[in-house]
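Residue numbers (numbering that gives the first Met the number 0): 0 to 817.
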Amino acid sequence: MTTRWSRRGFLTASTGTAVALGLSTPSSAAPSTAVQQAQQADAADEFTTLRAKWRTLVLGEGFSPTAEPFKSRLAELGTTASQLQSSMAPASGSLWPDLVYADPDPDTDQESYGYSGNLQTSYTRLSTLAQAYCQQGTGLTGDTGLRDAVLTGLDHLNSEVYNATQTRYGNWYSWQIGAPQALLDVCVLMYDALSSTRIADYLAAVDHFVPDSAVAGYSGTSTGANRVDLCRVLALRGVVGANPAKVALARDALSPVFPYVTTGDGLHTDGSFIQHTTVPYTGSYGSVMLGGLGLLFALLAGSTWEVTDANRQIVFDAVEHAWAPFLYNGLVMDGVAGRAISRGLSATDTKQIQQDDHLRGHPILAAIVLLGQGASATENARWRGLVKGWVQRDYYSPPLSDPSIGLTGLARLKSVVDDTSVTAIAEPTGHRLFTDMARATHRRPGWAASISMADRRITYYETGNGENLHGWHTGSGMLYWWGDTYANGQYSDAFWPTVDPYRLPGTTASRTVLADAAGGDWGASLPDVNWVGGATDGARAAIGQYLKGLQSTLMAKKSWFCLDDSIVCLGAGIKCTDGTAVETTIENRNLGPTGTHAFTVDGTAYAAAYPWSQTFTGTGWAHIGGMGGYVFPGGATFKALRDSRTGAWSGVNKSGSTTAITRKYLTMYVDHGTDPTAGSYSYLLMPGATAAQTQARAAATGWLTVLANTDNQQSISVPSLGFTGVNFWFGGTVGTLTASDPCCVMITEKSDGTAVICVSDPMRMRTSLTLTWNRAVSAVTSKPSTVTSATTGSALTLTFGDLSGTAGVTQKITVKLG
């Protein structure tokens with residue numbers, strides 16, 4: 000049994016530890032030789048335990064290698080490893096012929112990315128070989144030839160390129176995270192086969208590229224998910240090298256990741272997760288951070304270096320506060336995946352599995368299961384219920400059949416599915432507004448939606464490393480939506496390489512031709528706007544975006560009112576002088592390879608012919624079979640287009656496959672004409688509605704009233720819901736509401752004689768605000784401290800103090816109606 004030392008006791012009692020930390024031990028306090036040897040033995044035992052734990056975390060546990068789906072996956076691992084072993088050919092500049100890591104011109108950074116990436120991939124392949132050697136059921140378990148191939152590969156890379164004398168080139172990530180993580184995994188798996196000299200050489204390389212100074216400050220490339228990755232490298236370097244100082248440093252360097260941040264990278268109090276300063280990244284870097292923290296918490300649990308920082312509870316809280324809102328039936332929404340949306344099939348790695356929103360979601364589910372092992376029993380039980388529900392409902396891409404998820408993740412998910420004590424939790428309903436990253440999610444029974452915007456803090460889109468070359472308009476009010484048992488593959492099925500990037504659903508955009516990666520890498524391009532955000536009561540919402548186009552003169556005011564069975568979309572003040580057409584895309588449905596979905600307009604069905612286009616005037620409603628309905632208050636003119644679009648992943652990602660892909664689309668859009676001066680639109684999106692339900696809503700002309708749709712205000716009223724929403728772009732009066740300054744207001748009148756008034760300052764600039772509701776109110780029953788006075792009677796007048804520090808968060812007031 001290993002003695003558990005307190006951190007202070009361990010550091011002060013062990014001379015070996017003191018030396019490792021660079022501390023001196025006074026001779027008068029020196030322990031006896033016997034005590035010293037016992038302490039060193041305990042320390043060695045602890046590192047042996049940590050290596051064993053990491054081995055388990057890498058290889059997985061709790062599954063039978065002779066049971067499916069593990070039997071087949073292990074066999075596939077063995078086949079892959081055999082192919083990699085036979086193709087490995089150590090030569091100057093490469094370990095595999097297709098992965099040349101020798102950069103002929105290291106001064107050309109963009110070209111160097113590929114070479115440094117090949118170095119990282121070389122280590123990743125060695126990790127695959129090592130796993131095939133260590134796992135049962137691969138057909139290569141314990142194979143001495145495979146073992147020798149791994150050692151040959153490690154020595155080759157160390158002598159040729161990844162060593163203590165090499166100057167890095169290309170992408171820093173490959174040298175500080177990608178390559179050392181894979182290298183250290185191999186060191187743990189092959190530890191018994193490695194000589195002390197080999198280990199010393201490999202660790203010297205890690206120390207060279209990832210010195211302690213890599214985590215000395217919380218800035219640059221050492222924040223958020225990147226910081227967690229760096230800590231994983233430091234921790235494993237310490238474990239492999241039996242260096243307590245390195246493990247302690249890794250643990251302590253995690254602490255800056257936990258607290259909420261108010262700007263830039265990390266978790267925000269509203270649930271936002273940002274990386275690269277301006278990019279919403281819950282579904283990509285956020286996934287890495289969540290998975291990395293789960294691994295490190297599990298590795299260090301019960302050890303001398305257990306993570307005990309009280310702020311780690313913020314991470315546990317974020318599972319449902321930050322990640323769950325963007326998970327829907329197994330997928331993670333693309334609006335928070337940054338440039339990862341462009342990662343489909345690779346041009347060089349023919350074995351790579353195409354990435355999509357479902358395949359990015361599954362590792363997050365597995366990470367939540369692992370993280371739950373370190374959370375409270377209540378949290379763990381609830382998370383397992385959530386994960387079970389997500390796994391069971393992902394009919395489009397069943398997680399247990401996901402070829403891209405590792406054996407460890409697969410084992411964790413199957414353990415939850417097979418656990419009869421766990422009851423699957425249904426998808427929650429409600430609205431979440433993430434003001435700090437200009438995103439919103441709206442979830443109703445049977446469907447979910449998400450809105451992506453941009454402002455002076457959040458970029459239009461992220462490109463970099465030759466990725467996401469055409470994501471220009473994803474922040475221009477893109478409205479994503481998914482059904483529960485339908486439309487779950489809308490953005491999964493080769494959407495990004497085949498969709499018209501100027502016609503993304505929900506967006507208003509100029510047809511000005513943009514260059515690949517227009518606006519600059521790493522989210523550099525930010526619109527000069529402040530009014531982006533909204534107000535919500537947690538069930539419904541009023542949201543607005545003052546839109547300025549990327550490298551365009553386009554300006555527009557866009558609003559979304561998120562209701563019980565629909566989203567009302569308004570646009571006004573649309574103007575542009577680019578000399579090109581401006582369009583608002585109502586819908587752009589990916590109908591797959593065949594695209595036979597019926598299309599009905601005002602009761603008339605139109606054939607699924609390709610290509611096909613038509614202009615509809617005075618239209619009241621439209622419907623796409625198996626998808627949903629669209630209602631146009633007062634009638635509208637729009638264009639509809641059926642077309643087959645062919646593209647390749649290489650068109651949106653320089654590393655992507657050049658193989659042509661064709662998908663059929665049905666697009667509905669409003670053509671505002673060339674250089675519009677006051678364009679507008681209004682429509683209702685009704686996900687999952689039948690044609691009959693859509694027609695009935697169009698016929699119910701009193702259900703919705705558009706109170707305003709101008710450059711100054713946008714507002715609707717739905718009497719049957721007691722709902723009124725107003726986006727005051729400027730102060731003024733709309734219906735019964737008067738605001739002194741720009742703000743967002745949402746009111747819900749309830750059947751019990753009360754009303755909830757939600758107010759926000761999306762611009763984050765109001766030092767005072769007066770709002771008058773011309774409605775009899777007898778009492779204010781609750782209000783936040785930002786309300787400095789409230790006058791009731793035949794009308795309600797609310798006076799707000801300084802709202803500039805509220806970060807655009809909704810201020811909720813409850814009143815009793817007169």
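Glycine included, every Cβ here is placed at the ideal spot set by N, Cα and C.
- The three-state reading of DSSP puts Leu-399 in helix, counting H, G and I together.
- Between the beta-carbon of Ser-777 and that of Thr-791 there is about 6 Å, and that keeps the pair under the 8 Å contact cut.
- With a contact defined as Cβ atoms closer than 8 Å, Ser-679 and Gly-570 qualify at about 6 Å.
- Straight-line spacing of the CA atoms in Gly-625 and Thr-689 works out to 8 Å.
- In terms of Cβ geometry, Leu-233 and Ala-247 do not form a close pair [threshold 7 Å].
- According to the DSSP assignment, Lys-638 belongs to the beta strand (DSSP E) that extends over 627-646.
- Beta-bridge analysis with DSSP links Phe-727 to Gln-712 and Cys-742.
- Going by C-alpha positions, Gln-372 is about 50 Å away from Gln-712.
- Per DSSP, Ala-659 lies in no beta strand (DSSP E) and is assigned neither H nor E.
- The C-alpha of Val-149 lies about 12 Å from the C-alpha of Ser-85.
- Setting aside the 5 residues that flank it on each side, Cys-133 is surrounded in the same chain by Leu-58 and Leu-188, each with a C-beta closer than 7 Å to its C-beta; the list follows chain order.
- Just so you know, the alpha carbons of Gly-519 and Asn-464 end up roughly 11 Å apart.
- Here Phe-729 is exposed: its Cβ has fewer than 16 other Cβ atoms, across all protein chains shown, within 10 Å.
- Distance from the CA atom of Thr-704 to the CA atom of Pro-397, rounded to whole angstroms, is 43 Å.
- For Gln-130, the three-state secondary structure derived from DSSP is helix.
- With contacts defined as CB atoms closer than 7 Å, Ala-677 and Ala-659 fail to qualify as a contacting pair.
- Nearest C-alpha to Gly-177 among Arg-442, Thr-603, Ser-254 and Leu-229: Leu-229.
- Judged by DSSP in its simplified three-state form, Trp-480 adopts strand.
- Remark: fewer than three beta-carbon pairs, one from each stretch, lie closer than 8 Å, so the stretch 42-54 and the stretch 93-105 are not flagged as touching.
- Fully contained in the stretch 268-311 are the following alpha helix (DSSP H) runs of length 4 or more, in chain order: 284-299.
- Between the alpha carbons of Ser-654 and Tyr-161 lies a gap of roughly 24 Å.
- Between Val-227 and Gly-282, the C-beta gap is not smaller than 7 Å, which leaves the two residues out of contact.
- Shortest Cα-Cα distance from Leu-202 to any of Leu-183, Asp-191 and Val-214 involves Leu-183.
- When DSSP states are grouped into helix, strand and coil, Glu-748 belongs to the strand group.
- Less than 7 Å divides the Cβ of Gly-532 from the Cβ of Gly-807.
- When the five nearest sequence neighbours on each side are left out, the beta carbons in the same chain lying within less than 6 Å of the beta carbon of Asp-355 are those of Ser-491, in order along the chain.
- If you draw a 10 Å sphere on the C-beta of Asp-740, you find 16 or more other C-beta atoms in it, and that means buried.
- For His-671, the secondary structure class from DSSP, reduced to helix, strand or coil, is strand.
- DSSP, read as helix, strand or coil, puts Ala-374 in coil.
- Counted as a single uninterrupted DSSP element, the beta strand (DSSP E) harbouring Gly-570 occupies residues 566-574.
- For the 7 Å CB-CB criterion, Arg-411 and Thr-428 do not form a contact.
- With fewer than 16 other Cβ atoms from the protein chains shown falling within 10 Å of its own Cβ, Ser-767 counts as exposed.
- Shown here for Thr-120: same chain residues with a beta carbon closer than 7 Å to its own, the five before and five after excluded, namely Leu-98 in chain order.
- In the DSSP annotation of this structure, the continuous segment of the alpha helix (DSSP H) that includes Ala-244 starts and ends at 243-252.
- In this chain, the beta strand (DSSP E) harbouring Asn-589 covers 580-589.
- Taken through DSSP and simplified to helix, strand or coil, Gly-532 comes out as strand.
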